[in-house]
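Have a look at the structure below before the remarks.
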Amino acid sequence: MSSATSRAASRARPAAGTPPVRTASGLAPFLALVLALLIGTGLFASPASAAAGYTLTASGTSTTTAAVAKTLTVLYQRDGAPVANAAVSLQRYSNGSWVRDRTVTTGSTGTSAGKATASVNPAATTKYRFKTTQATSATLTVTVVPGSWSLAGSGAGHGVGMSQYGAYEMARTGSTASDILRYYYPGATVSTANNPWTSIDVHVLGRTSDPTTTTLSLSAGSWRLLDGAGGQLATGTSARKISVARTTAGLTARITENGTVRQTIGARPALQLEWTGTDYWAGTAGTVTVSGAHGSYRHGRLRVTDLNARPNVVNQVVINDEYLYGIEEMPALWGTSAYGGAAALEAQAIVARNYAILDKVEGLKAACDCHLYDDTSSQNYTGWTREGGEAGEAWRAAVDATRQDGASTVTVVRNASAGIAETPYFASSGHGGAFSGTAGNQDAFGTAPQSHLAHVADPYSVQAPGNPNTSWTGTLTQATAKSIFQLGWVRSVAVTERYSSGQVKTMQAVSPQGTVRTLTDTAEGWRTALGLQGSWVDTVTATR
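Here the sequence shown stands for residues 46 to 589, where the numbers follow this note's numbering.
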């Protein structure tokens with residue numbers, strides 16, 4: 046209406062019987078009617094505290110992963126009383142506007158009266174709200190974080206010292222055992238040491254996860270059971286088995302034949318088993334199996350003690366032949382002419398000897414009454430299973446090539462101080478980012494640097510035929526990431542710094558709220574924390 050028309054209207058007198066016009070208060074009912082119509086069409090949202098008394102109270106704002114649905118809950122009330130059997134629209138914010146996701150119906154009785162729920166599973170962070178013609182709830186935000194991260198990497202093991210696949214490739218291409226050792230242990234020398242023909246105690250059974258009883262069986266020949274002082278308790282042939290159990294009074298034994306008990310041995314603090322074909326007893330050679338152990342034993346003798354509330358069994362064998370013959374750390378087939386890697390096996394025998402010598406010098410470990418464990422806690426030892434297994438003669442020949450029996454010496458690796466060098470070894474080097482190769486011991490273990498355990502480039506590992514460690518994919522779960530970085534939820538993870546080997550040094554995680562956690566650890570610390578076969582992680586990619 047123009048201003049002239051307004052002025053004319055204000056001067057005109059109403060006709061007889063026409064109600065007077067009220068310009069302000071008279072428009073209120075009309076405006077209220079218009080507002081109600083707008084609300085009814087959903088074009089205008091009534092606040093939770095609308096005059097009509099209707100409220101929608103929503104809950105469920107939280108963080109989740111795309112693979113896990115989240116439940117949103119709404120309570121619909123009028124003047125504090127639940128509104129039953131009402132249709133409530135769940136809306137989500139998409140491309141700049143609110144769109145209907147679905148309709149839910151409020152409950153009618155008991156604790157469900159006026160309540161409704163909706164399960165949502167958004168692929169990305171999404172805003173939701175509940176709405177009726179009478180009220181609109183507050184906005185709920187469901188934050189979606191990765192369910193896991195895919196870790197693309199390569200390599201296997203701790204990365205310090207000799208790469209076994211690298212050694213194999215060097216051997217295939219003409220390097221000698223000495224060449225291999227001098228390359229992977231820079232500054233070390235390959236030398237000799239006197240061979241005293243000393244024995245070493247190898248733990249084969251008795252960890253807390255091992256059984257509380259065990260049975261000793263001989264494949265051929267004869268056996269004798271002795272007490273800890275060497276007194277004979279029983280004897281028999283391979284037809285008879287010895288079952289050993291631990292009691293509160295000590296170790297007991299039952300001698301059985303075809304299931305029939307032939308003899309029982311009362312409690313003793315220790316037992317020893319000797320058999321024919323060994324240095325302890327001439328005659329027909331046999332192999333002893335120990336139920337629960339992962340190897341079998343042709344050489345030496347077995348000593349059984351009461352430790353960790355179970356029989357604790359060690360194989361006492363001579364270091365420089367009997368023990369090394371049973372080391373199963375590198376495929377024996379590599380030493381055959383078809384594979385051309387005999388020099389790698391020789392290098393393996395030498396570093397395994399160094400390892401055993403150093404553990405022998407340290408003395409018996411109280412936890413196992415042994416010098417070495419038979420698994421990767423020390424070196425993987427399976428005894429006759431290795432020596433008498435596939436291509437066992439190639440491995441035995443490699444061990445023998447590192448002994449000089451005429452001079453009573455053996456081949457060893459010596460450090461810069463001319464002492465017996467620490468010679469850790471591992472399966473294969475990898476790469477991370479622009480870096481690759483072996484690790485310095487200080488980077489992998491956090492120990493004082495040793496010059497012969499420094500990082501070296503390792504092009505050989507990736508070139509070795511049949512190396513399964515040139516690429517792999519690991520998984521970091523949301524739960525593990527939260528635990529490592531001590532965050533409620535983790536939005537992103539990245540490698541921010543690497544060691545010269547390419548192994549992970551520093552990782553950074555960010556929470557949905559923007560909290561940043563940056564952690565630095567040793568390469569082995571990261572391998573363990575991430576649960577990977579190696580810590581050469583090249584890329585980190587978020588997944589659902």
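Glycine included, C-beta positions come from ideal geometry on N, C-alpha and C.
Since we're looking at a predicted model, the values are computed, not measured.
Beta-carbon proximity of residue i to residue j, cut-off 9 Å
| i | j | result |
| --- | --- | --- |
| Val585 | Trp194 | yes |
| Ile372 | Ala222 | no |
| Tyr213 | Gly386 | yes |
| Leu120 | Thr148 | no |
| Thr239 | Val458 | Sequence inspection shows Asn at residue 239; the Thr mentioned does not correspond to that position. No; because the gap between Cβ atoms is not below 9 Å, this pair is not in contact. |
| Thr259 | Val306 | no |
| Pro469 | Tyr400 | yes |
| Glu391 | Ala443 | yes |
| Gly98 | Gly125 | yes |
| His500 | Trp581 | no |
| Phe480 | Met207 | no |
| Ala446 | Gln424 | no |
| Gln12 | Glu367 | The requested residue 12 does not occur in the structure, where the chain is confined to residues 46 to 589. |
| Thr309 | Thr297 | yes |
| Arg313 | Asp272 | yes |
| Gln179 | Arg145 | no |
| Gly204 | Ala574 | no |
Proximal residues to residue i (C-beta, below 7 Å), its chain only, five neighbours per side dropped
| i | result |
| --- | --- |
| Ser283 | Leu263, Ser264, Ala265, Gly266, Gly331 |
| Ser556 | Leu532, Gly533, Trp534, Val535, Arg536 |
| Asn360 | Val247, Val249, Tyr342, Gly345, Leu347, Gly428 |
| Ser220 | Ala388 |
| His497 | Tyr230, Pro231, Gly232, Ala233, Asn460, Ala461, Ala466 |
Cut-off 8 Å between Cβ atoms - residues of its own chain near residue i, not counting five sequence neighbours on either side
| i | result |
| --- | --- |
| Gly192 | Thr110, Ala111, Ala112, Val113, Thr522, Gln523, Thr588, Arg589 |
| Asp224 | Met215, Ala388 |
| Asp324 | His344, Gly345, Val363 |
Own chain, CB closer than 6 Å to residue i, minus 5 neighbours either side, in chain order
| i | result |
| --- | --- |
| Ala61 | At Ala61 the pLDDT is 38, less than 50, meaning the model places this residue with poor confidence and gives no usable figure here. |
| Asn590 | With the chain covering 46 to 589 only, the question about residue 590 has no answer from this structure. |
| Ala96 | Confidence at Ala96 is low in this model, with a pLDDT of 42, below 50, so its placement is unreliable and no value can be given for it. |
| Thr515 | Ser199, Val507 |
| Thr301 | Lys286 |
| Thr170 | Thr188, Val189 |
| Thr321 | Gly266, Ser267, Gly328, Thr329 |
| Ala436 | Ala377, Leu378, Thr381 |
| Ala439 | Ala377, Gly380, Thr381 |
| Ala197 | Thr518, Asp583, Thr584 |
| Thr186 | Thr106, Lys172 |
| Ala131 | Tyr121, Thr151 |
| Ser94 | With a pLDDT of 41 at Ser94, under the threshold of 50, the modelled position of that residue is not reliable, and the figure given next carries that caveat. Taken in chain order, the list of residues that qualify is empty. |
| Trp571 | Val549, Ser580 |
| Pro256 | Gly337 |
Opposing strand residues paired with residue i [DSSP bridges]
| i | result |
| --- | --- |
| Thr186 | Lys172 |
| His344 | Beta-bridge pairing links His344 to no other residue. |
| Ile245 | Val362 |
| Tyr210 | Answer by DSSP bridge pairing: none, since Tyr210 is not bridged. |
| Glu319 | Arg269 |
| Gly152 | Ala158 |
| Gln449 | Thr454 |
| Cys415 | Lys410 |
| Leu542 | Here residue 542 turns out to be Glu, not Leu, going by the sequence shown. The partner list for Glu542 (beta bridge, DSSP) reads Thr551. |
| Ser220 | Answer is none; Ser220 lacks a bridge partner. |
Spatially closest choice to residue i from the options, by CA coordinates
| i | options | result |
| --- | --- | --- |
| Pro633 | Asn130, Asn486, Gly202 | Lying before the first or after the last residue shown, residue 633 is absent from the chain, which here runs from 46 to 589. |
| Ala161 | Thr170, Arg174, Ala168 | Arg174 |
| Gly311 | Thr323, Thr305, Leu278, Ala338 | Leu278 |
| Lys550 | Ala489, Gly519, Ser462 | Ala489 |
| Thr430 | Ser288, Gly478, His339 | His339 |
| Asp414 | Ala439, Asn357, Ala443 | Asn357 |
| Thr234 | Asp445, Asn460, Asp124 | Asn460 |
| Leu316 | Gly275, Thr293, Asn353, Gly281 | Gly275 |
| Ile166 | Thr106, Leu296, Asp566 | According to the sequence displayed, residue 166 carries Asn and not Ile. Among Thr106, Leu296, Asp566, the Cα nearest to that of Asn166 is on Thr106. |
Residue i beta carbon near the ligand FAD (any heavy atom closer than 8 Å)
| i | result |
| --- | --- |
| Tyr213 | Absence of the ligand FAD is noted for the structure shown, with no ligands found whatsoever. |
Entirely enclosed alpha helix (DSSP H) segments - the region 458–490, minimum 4 residues: 486–490
Kindly provide the ranges of any alpha helix (DSSP H) runs that are 4 or more residues long and lie completely inside the region 324–407, ordered along the chain. 387–407
Runs of beta strand (DSSP E) lying entirely within the region 247–317, each at least 3 residues, in chain order: 258–263, 267–272, 277–282, 285–292, 295–302, 305–313
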